[in-house]
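Protein chains: 2
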Amino acid sequence: MGAGAIGCYYGGMLARAGREVTLIGRPQHVEAIRRAGLRLETKAFDERVRLQASTEPQAARGADLVLFSVKSQDTETAGKVLSPHLAREAAIVTMQNGVDNPERLAAVLGRDVIPGVVYVAVEMAGPGHVRHHGRSELAIGQAPASEAIAAAFREAGVPIEISDNVAGGLWAKLIVNCAYNALSAITQLPYGRLVAGAGIPAVMRDIVEECLAVARAAGVRVEGDMHKATERIAQTMPGQYSSTAQDLARGKQTEIDYLNGVVVRKGEALGVSTPVNRVLLALVKLLEAKSR
Amino acid sequence: MGAGAIGCYYGGMLARAGREVTLIGRPQHVEAIRRAGLRLETKAFDERVRLQASTEPQAARGADLVLFSVKSQDTETAGKVLSPHLAREAAIVTMQNGVDNPERLAAVLGRDVIPGVVYVAVEMAGPGHVRHHGRSELAIGQAPASEAIAAAFREAGVPIEISDNVAGGLWAKLIVNCAYNALSAITQLPYGRLVAGAGIPAVMRDIVEECLAVARAAGVRVEGDMHKATERIAQTMPGQYSSTAQDLARGKQTEIDYLNGVVVRKGEALGVSTPVNRVLLALVKLLEAKSR
Chain A
1 MGAGAIGCYY
11 GGMLARAGRE
21 VTLIGRPQHV
31 EAIRRAGLRL
41 ETKAFDERVR
51 LQASTEPQAA
61 RGADLVLFSV
71 KSQDTETAGK
81 VLSPHLAREA
91 AIVTMQNGVD
101 NPERLAAVLG
111 RDVIPGVVYV
121 AVEMAGPGHV
131 RHHGRSELAI
141 GQAPASEAIA
151 AAFREAGVPI
161 EISDNVAGGL
171 WAKLIVNCAY
181 NALSAITQLP
191 YGRLVAGAGI
201 PAVMRDIVEE
211 CLAVARAAGV
221 RVEGDMHKAT
231 ERIAQTMPGQ
241 YSSTAQDLAR
251 GKQTEIDYLN
261 GVVVRKGEAL
271 GVSTPVNRVL
281 LALVKLLEAK
291 SR
Chain B
293 MGAGAIGCYY
303 GGMLARAGRE
313 VTLIGRPQHV
323 EAIRRAGLRL
333 ETKAFDERVR
343 LQASTEPQAA
353 RGADLVLFSV
363 KSQDTETAGK
373 VLSPHLAREA
383 AIVTMQNGVD
393 NPERLAAVLG
403 RDVIPGVVYV
413 AVEMAGPGHV
423 RHHGRSELAI
433 GQAPASEAIA
443 AAFREAGVPI
453 EISDNVAGGL
463 WAKLIVNCAY
473 NALSAITQLP
483 YGRLVAGAGI
493 PAVMRDIVEE
503 CLAVARAAGV
513 RVEGDMHKAT
523 ERIAQTMPGQ
533 YSSTAQDLAR
543 GKQTEIDYLN
553 GVVVRKGEAL
563 GVSTPVNRVL
573 LALVKLLEAK
583 SR
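Order-wise, the sequence lines are chains A and B. Residue 155 in the working numbering sits at position 155 of the first sequence, with consecutive numbering throughout. Positions in the second sequence are counted from 1; adding 292 to them yields the working numbering.
The structure is reproduced here in structure tokens:
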């Protein structure tokens, strides 16, 4: 459900390994996939994978496993249209960025959801064409269905771990995004030039500290040194503009409400002050309103 | 010294009242003033005022009173070239925005400086042409020369107060500027649209609180309710873009180092944390570097 780059990649890998997969997505991709299969381009192979595709949520009917990979801002809408078609025994795994999708989807569906965290670099290179740049590991939460799900992914060549701390993994990704996305969006600068700016490393440390304080207050254990992890991103991707920067430049709605926005909202709810995340959120919202 | 809008306005008012005045400024204004006098345009009158004008600091030779009104970033440079021409008994009054000009100028000159704070809306409307939009009050610090200076301004129709808290007045102006200038510059939005942004009023309260904490630590007493004073600005000037926004749009160097920058530096020196001012400073610096 939500056949963007992540959905197409993992769905394609499962289908390639012989699983029966249906991608539910936008017409342009669905039409191309029906016509010529899903083009799955990786550094190791470039194949056309045959699988089902549909624009309609009822295509999820009868599924044993639903991989939920819509954008964070679409979680409620997509959950609602999906809900009536879910079999009672279906397992649902979120494969999204943002820390609160599992709880938001569970609330909409009125049932348990298995949280997932995705470590993969993929993009849609064209209609029905997913391009893989690197990594592919998954971690999913502990649930009765988790072992069977993990077995299916392992058979398909996807490394997967069953974790008691998926929330920590989702927060670690969120924190790095909070440190880069808004700053890159506001300045329209790539990560390398960003961190070379006077005062920016100190600002990034402030952002990370605020996020960690909110995570702690929320009872989430974030593992590893998040300051070092954050610094590494600019070193490994100096030319990268954040997705938020790209959305803003194209006049599209950004995911900022599920990045710095979620830190601010959870901070408010938990009594943790997040002034730096708050000013970044407010600035991106203003620029978004101005550009749309 | 520094015949921009403020220097031309107060110099012009003194000359109009019969005082002998020399404006030291840029060639375009000096040439126009030598040719046709200073055009002093207010809501009450529009006159050509005859006075001396020069591009050279030695024109300050023999002055009893030097009004120092260069931009904050030029204080040291202008002070150094002025210094050899100052009579021993000359009084020097800073008429600048920014809180640390009096101490910076005193350090360069190696002598006492009378701090001043200026409440006036003026602009240079063209070469040698200053336009007055409203107010004109001055406050200057207590010093042996202060009564004579005050008398000269009062004769010229300029309300002036001798104050034991000029620093408080300078900080009050700084705080309002810290709340608006960077936000308007980063978003290129006028004050009315700025404060209508989600989260912006809370961000402005954060900025004001940080500034007040630094002022307190610096031993400065800021009078009045700065939150209310800040809110009023957007109500009275909804269409206004900050000078920092205008500088940035024109690819000019901004005064941000003497606005949020001074709060950050003084905060660091005094052990007061200023994370919101710091992120705004860093963002404006990045945008400035990008636009120049």
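Virtual Cβ for every residue (Gly too), placed ideally from N, Cα, C. Note that the structure is a prediction, hence the values are computed from the model and not measured.
Item, Value
"Using a C-beta cutoff of 7 Å, does B:Val500 count as contacting chain A?", "no"
"Can you check the segment 393-453 of chain B for any alpha helix (DSSP H) of at least 4 residues that lies completely inside it and give the ranges in chain order?", "393-401, 438-447"
"Locate the beta strand (DSSP E) running through B:Thr386, then write down its first and last residues.", "383-386"
"Just checking: is the beta-carbon of A:Ala198 within a distance shorter than 7 Å of some beta-carbon in chain B?", "yes"
"Could you name the residues of the same chain whose beta carbon sits closer than 8 Å to that of B:Val554, not counting the 5 residues immediately before and after it, in chain order?", "Gly390, Val391, Asp392, Leu466"
"Within the 7 Å Cβ cut-off, does A:Val262 reach chain B?", "no"
"At what residues does the beta strand (DSSP E) containing A:Thr22 begin and finish?", "22-24"
"Does B:Gln545 pass the burial test, meaning 16 or more other C-beta atoms within 10 Å, or should it be called exposed?", "exposed"
"Please name the residue in A:Gly219, A:Ala151, A:Pro201 whose C-alpha comes closest to that of A:Asn165.", "A:Gly219"
"Mind listing which residues of the segment 568-582 of chain B have their C-beta closer than 9 Å to chain A's C-betas, in chain order?", "Val568, Arg570, Val571, Leu572, Leu573, Ala574, Leu575, Lys577, Leu578, Leu579, Ala581, Lys582"
"Got a sec? Which residues, its chain only, sit under 7 Å from B:Ala532 by beta carbon, not counting five neighbours each side?", "Strictly speaking, residue 532 of chain B in this sequence is Gln, with Ala absent from that position. Excluding residues within five positions, the ones whose Cβ falls inside 7 Å are Pro482, Tyr483."
"Which whole-angstrom value is the C-beta distance of A:Ser72 and A:Glu255, which I expect to be below 8 Å?", "6 Å"
"At a cut-off of 6 Å, is A:Ala106 close to the ligand ADP when judged by its beta-carbon and the heavy atoms of the ligand?", "You won't find the ligand ADP in this model; it holds no ligand whatsoever."
"Classify A:Gln96: buried if its beta carbon has 16 or more other beta carbons within 10 angstroms, exposed otherwise.", "buried"
"When Cβ atoms are compared, which residues of the segment 181-193 of chain A fall closer than 7 Å to chain B?", "Ile186, Thr187, Leu189"
"Using Cβ-Cβ distances below 8 Å, what residues of the segment 495-519 of chain B are close to chain A?", "Val495, Asp498"
"For B:Gly296, tell me which candidate among B:Ile316, B:Met305, B:Ala574 has the shortest Cα-Cα distance.", "B:Ile316"
"The alpha helix (DSSP H) that contains A:Gln179, what's its start and end?", "Inspection of the sequence shows that residue 179 of chain A is occupied by Ala rather than by Gln. First-last of the alpha helix (DSSP H) with A:Ala179: 166-187."
"Do you know how far the Cα of A:Ala198 is from the Cα of A:Asp112?", "46 Å"
"Opposite A:Ser54 in the DSSP bridges: which residues?", "A:Ile24"
"Find the nearest neighbour of B:Asp539 within the set B:Asn473, B:Gly304, B:Ala435, judged by alpha-carbon distance.", "B:Asn473"
"Taking only three categories from DSSP, how would you classify B:Asp366?", "helix"
"Assuming A:Thr244 and A:Val284 form a contact by the criterion Cβ under 8 Å, report the distance between their Cβ atoms to the nearest whole angstrom.", "7 Å"
"Which one of A:Val176, A:Ala143, A:Val49, A:Arg265 has the shortest CA to CA distance from A:Arg232?", "A:Val176"
"Have a look at B:Val358, B:Ala494, B:Ser476, B:Arg423 and flag the residue whose alpha-carbon is nearest the alpha-carbon of B:Ala336.", "B:Arg423"
"What residues in its chain sit with their C-beta under 6 Å from that of B:Gly304, if we drop five residues either side in the sequence?", "Leu330, Leu332, Val341"
"By DSSP, does A:Ser69 sit in helix, in strand, or in coil?", "coil"
"Is the beta carbon of B:Ala471 closer than 7 Å to that of B:Val500?", "yes"
"Thinking C-alpha only, which one of A:Leu270, A:Ile200, A:Ala156 is nearest A:Ala17?", "A:Ala156"
"Using the Cβ count rule (16 or more neighbours within 10 Å means buried), how would you classify A:Ala185?", "buried"
"Here's the rule I'm using: 16 or more other beta-carbon atoms within 10 Å means buried, otherwise exposed. How should A:Thr75 be labelled?", "buried"
"Beta carbon of B:Val373, beta carbon of B:Pro349: below 7 Å?", "yes"
"Could you tell me the boundaries of the beta strand (DSSP E) in which A:Val49 lies?", "46-49"
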